[in-house]
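Enquirer: Just so you know, the sequence shown maps onto residues 470 to 1111 in the working numbering. Cβ atoms here follow ideal geometry from the backbone N, Cα and C, with glycine treated the same way.
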Amino acid sequence: MWPDNETTQDLLGFQTHADLIRRLVTDSANLPCTVGLFGDWGGGKSSVLRMLERDFDPDNIGSHATSAEKETYGTVACLYFNGWLFEGYDDARAALLSSILKQLSDSERFGVKVKKFLGDLPKSVDLIRAGRALAPLVVPLIARSGMSATSAVMVSSAAQTFLDAAITARSVAPAHNKKSAEKAATMDTGTNAAVRQFRGAFSDMLKNSSIDTLIVLVDDLDRCSPEHMIDNLEAIKLFLSVPGTAFVIGADDRLVRSAIEQRYGGTGGLGLPNSDVSPNDYASELARDYLEKMIQVPYRLPRLFPSEVTSYMTLLHCMNRLPKEKLDRCIAASIAKRRGNTTEAFSLDDVRAILGNDTPDELRQDLQMVEASAPTLSSCLKGNPRQVKRFLNMLDLRLAVAVAEQMVDIKRDMLAKLMTLEYYDVFRFRQVYQWYADANGTPRQIESLERAIEDGDEQIEGVSGYEDWLSSSFLKRWLSSDPPVGSTDLRPYFWLSRDRLDVLAGVRGVSAQVRKALRDILSDNGIIQQRGLNAIKDLPAVEKTQLGDLVVDNLRRHPESAAAFESVTKLAEKKFLDGPAALEQALRNVDPALIRPTTAARIRMLIDDEAYATVLRPLADKLAQLDNAAGRVLRKPRSNGS
């Protein structure tokens, strides 16, 4: 098993990214600056930040730096801040500022001087926390001042901190008091002075503490709530971005933009600049401009190339099977090979060339499985290192179950191949299961499809009706990859994956025509779905009822599936189901958090239909309160009556 944690052990070649960022943030000509280390969840951002933290550790500087860099790094303070760990705090800005001041005070190299020159900075942070009570006053007042949207956002943030803190400290009346609002409107100059005062005191403290460069690594920002995400960004920009500072922020920029749109993109906050701009376009433009002001250097981590997925899986297995000395040799060889040819994988042959006869048999078998599955697997895991680990961990868990159940015929490479199909297209996975279940383990479809791929002939007997398998590049690669599937009874393998097969419960007792129509209707391919809908008219009345019940039950089991929701509404359009009653039955006790954005968009359309409004309005209201993508779909302002 492989832990799903960040690591400084570089199996991905990401040290290159860490080195580039390290040189950028230690060049005084670039400071102050904020670097956005962008990438998908599980893409390696946290590992790169941990590499940077390690490389700035005084005990490790000599392992990678030139003599000039060693001298420079002696006056560099590097801090790590995980925004998500402070999610429960009342004020994210204050949490960030307090953490930075505390880490500097506790520093072995700089702590004594920092404490000497810290001054009133901790008290200022307390004022920031206290000032949140009057924040609702500020944004509407600034919005009426005529500022541009982005400038108003920036000033309002300052007002929501020092200005409001100052008002609170002076015991001004609560936010609903008219005099308080009038006083707040006249204190913009004082706010700017307060921000400048904090920044000046913070900058002086760094200089007097012999800190030439302060580098703050901000991790897991995209796991925070939208409010805390923006608060952290604004604290960095308004209070901490002083000469000699650099911030490296790890986040999925899509989530950051969404948080900006949610907080500042609505018409209730700053208002639309003019009536010709739609709310959606305005929010998108604001998010882009805002992020550009906050992040000076966007640096995106690339997704893994197919050859890199193979190399990564190879080294993960080496980690499990080899002692440290041999593992280090393999990692070094992988790095050297990547530098010479970025498109060629580090694989079994390379490991054999390094270890020779010392290559363990278990490792050889592991890497044979990697060579067979990685090319196909890379496309369904989206080049994401975390997903690669999760796939391998699930594979090992299922193999452990097989050992515990004494299933001696289970082969690792066959299970990996079947799981690849499961990860890429669970509908196809369930379709193959049904073929095996219907034919007692000896279906002809897979064998015919494999033969058609091998011979390049789509007219082979047994392929008719499954041409869609031969039109998909992924499915063709899967069918042609080793080991062949058609001659093997896969039912024991499906038993190990039975948690993914509950959609088929109750299907065995219906006719083959109903099962085929059901598979087609549940497809997310519009052409295939239409084929299933067309087939319904030829079914007897009792089988139409059976089919409708199965479709509704599928939505009840899988409310997260957009195809499941769509299948119910399509059957309703064809008058095979009472749509409102079917949706009420299927979604009666559903957890709104399971609803996907595409389904939320469909619900948003249907609630305009009086027939569906009564059933779907309560669910839509619950969805609109959620802080996720589906909730944002329901909250998004409608444009031009849409």
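Restricting to Cα atoms, I'd like to know which of Y759, A1010, V1011 and E475 is closest to L702.
Expert: Comparing Cα-Cα distances from L702 to each of Y759, A1010, V1011 and E475, the minimum goes to Y759.
Enquirer: Quick one: measure Cβ to Cβ for F507 and D700, integer angstroms, because I've assumed they're closer than 8 angstroms.
Expert: So it is not a contact: roughly 19 angstroms between Cβ atoms.
Enquirer: So the alpha helix (DSSP H) P1009 belongs to, where does it begin and stop?
Expert: Note, P1009: premise wrong, no alpha helix (DSSP H); not H, not E.
Enquirer: On a Cα-Cα basis, can you pick out the residue from L707, M520 and D673 that is closest to A563?
Expert: Nearest of L707, M520 and D673 to A563, Cα basis: L707.
Enquirer: Is it right to say N810 is buried, meaning 16 or more other beta carbons lie within 10 angstroms of its own, or is it exposed?
Expert: Looking at its Cβ environment, which holds fewer than 16 other Cβ atoms inside 10 Å, N810 is exposed.
Enquirer: With a threshold of 6 angstroms on Cβ separation, who are the neighbours of M623 within its own chain once the five nearest residues in sequence on each side are excluded?
Expert: In this prediction, M623 scores a pLDDT of 40, lower than 50, which makes its location untrustworthy; the coordinate-derived value is nonetheless stated afterwards. Around M623: no qualifying Cβ.
Enquirer: What is the rounded straight-line gap between the Cα of A801 and the Cα of D479?
Expert: If I take the Cα positions, the gap works out to 10 angstroms.
Enquirer: Once the 5 residues before and after V954 are set aside, which same chain residues still bring their CB inside 6 angstroms of it?
Expert: If we look at V954 and ignore the five residues flanking it on each side, its Cβ neighbours are I915.
Enquirer: Assign E936 to buried or exposed, taking buried as 16 or more other Cβ atoms, counted over all protein chains shown, within 10 Å of its Cβ.
Expert: By the 10 Å Cβ count, E936 comes out exposed.
Enquirer: Just the Cα atoms here: how many angstroms apart are V872 and A885?
Expert: In a straight line, the C-alpha of V872 is about 16 angstroms away from that of A885.
Enquirer: Note down, in chain order, each residue of its chain lying with its Cβ closer than 6 angstroms to the Cβ of V983, except the 5 sequence neighbours on either side.
Expert: E1012, Q1015 and L1016, listed in sequence order.
Enquirer: Report the residue from R798, P792 and S803 whose alpha carbon sits nearest the alpha carbon of Y781.
Expert: Ranking the options by Cα distance to Y781, first place goes to S803.
Enquirer: Which residues in the same chain as D657 place their Cβ atom closer than 6 angstroms to its Cβ, once the five residues preceding and following it in sequence are excluded?
Expert: The pLDDT assigned to D657 is 45, lower than 50, so where the model puts this residue is not dependable; a value taken from the coordinates is nonetheless given after this. Answer for D657: no residue qualifies.
Enquirer: With DSSP run on the structure shown, which of helix, strand or coil describes D1090?
Expert: Reduced to three states, the DSSP call for D1090 is helix.
Enquirer: Would you check if there are 3 or more beta carbon pairs closer than 8 angstroms linking the stretch 1048 to 1062 to the stretch 1017 to 1031?
Expert: Short answer: they touch.
Enquirer: Thinking C-beta only, is A1032 closer than 8 angstroms to D993?
Expert: Contact flag set, yes.
Enquirer: Quick check: what's the CA-CA separation for L690 versus S574?
Expert: Straight-line Cα distance between these residues: approximately 24 angstroms.
Enquirer: Between which two residues does the beta strand (DSSP E) harbouring C787 extend?
Expert: It is not in any beta strand (DSSP E) - C787 instead sits in the alpha helix (DSSP H) that spans P775 to R790.
Enquirer: Output yes or no for whether 8 angstroms exceeds the beta carbon distance between G513 and P854.
Expert: Against a cut-off of 8 angstroms, the Cβ pair of P854 and G513 comes out as a contact.
Enquirer: Use the C-beta contact count for D1096: other C-beta atoms within 10 angstroms, 16 or more gives buried, fewer gives exposed.
Expert: That one is exposed.
Enquirer: In the DSSP assignment, what are the bridge partners of F507?
Expert: Bridge partners of F507: A720 and R769.
Enquirer: Can you tell me which of the three DSSP states N1097 falls into?
Expert: In the structure shown, N1097 sits in coil (DSSP, three-state: anything other than H, G, I, E or B).
Enquirer: Below 7 angstroms CB to CB, which residues in the same chain sit around V857 once its five sequence neighbours on both sides are set aside?
Expert: Same-chain partners within the cutoff: V778, Y781, M782 and L850.
Enquirer: If we count the other Cβ atoms within 10 Å of its Cβ and call it buried at 16 or more, is E1079 buried or exposed?
Expert: So E1079 counts as exposed.
Enquirer: Is it the case that the Cβ atoms of R899 and L970 are separated by a distance below 8 angstroms?
Expert: Their beta carbons are under 8 angstroms apart, which means R899 touches L970 by this criterion.
Enquirer: Smallest Cα separation from S917: which of A906, W938, R897 and E891?
Expert: For the residues A906, W938, R897 and E891, the minimum Cα distance to S917 belongs to W938.
Enquirer: Who are the near neighbours of S576 in its chain, counting only those whose CB is closer than 8 angstroms to its CB and skipping five residues on each side?
Expert: Taken in chain order, the residues that qualify are A546 and V583.
Enquirer: Taking only runs that begin and end inside the stretch 855 to 936, name each unbroken alpha helix (DSSP H) of 4 or more residues, in chain order.
Expert: The qualifying runs are 881 to 893, 895 to 907 and 914 to 924.
Enquirer: Helix, strand or coil, according to DSSP, for T1067 in the structure here?
Expert: T1067: helix per DSSP, three-state reduction.
Enquirer: Which parts of the stretch 566 to 602 are runs of the alpha helix (DSSP H), unbroken and 4 residues or longer, counting only runs that do not cross its ends?
Expert: The qualifying runs are 580 to 586 and 590 to 599.
Enquirer: On the premise that P1049 lies in contact with V1084, defined as a C-beta separation below 8 angstroms, what is that separation, rounded to the nearest angstrom?
Expert: Correct: roughly 5 angstroms between the Cβ atoms.
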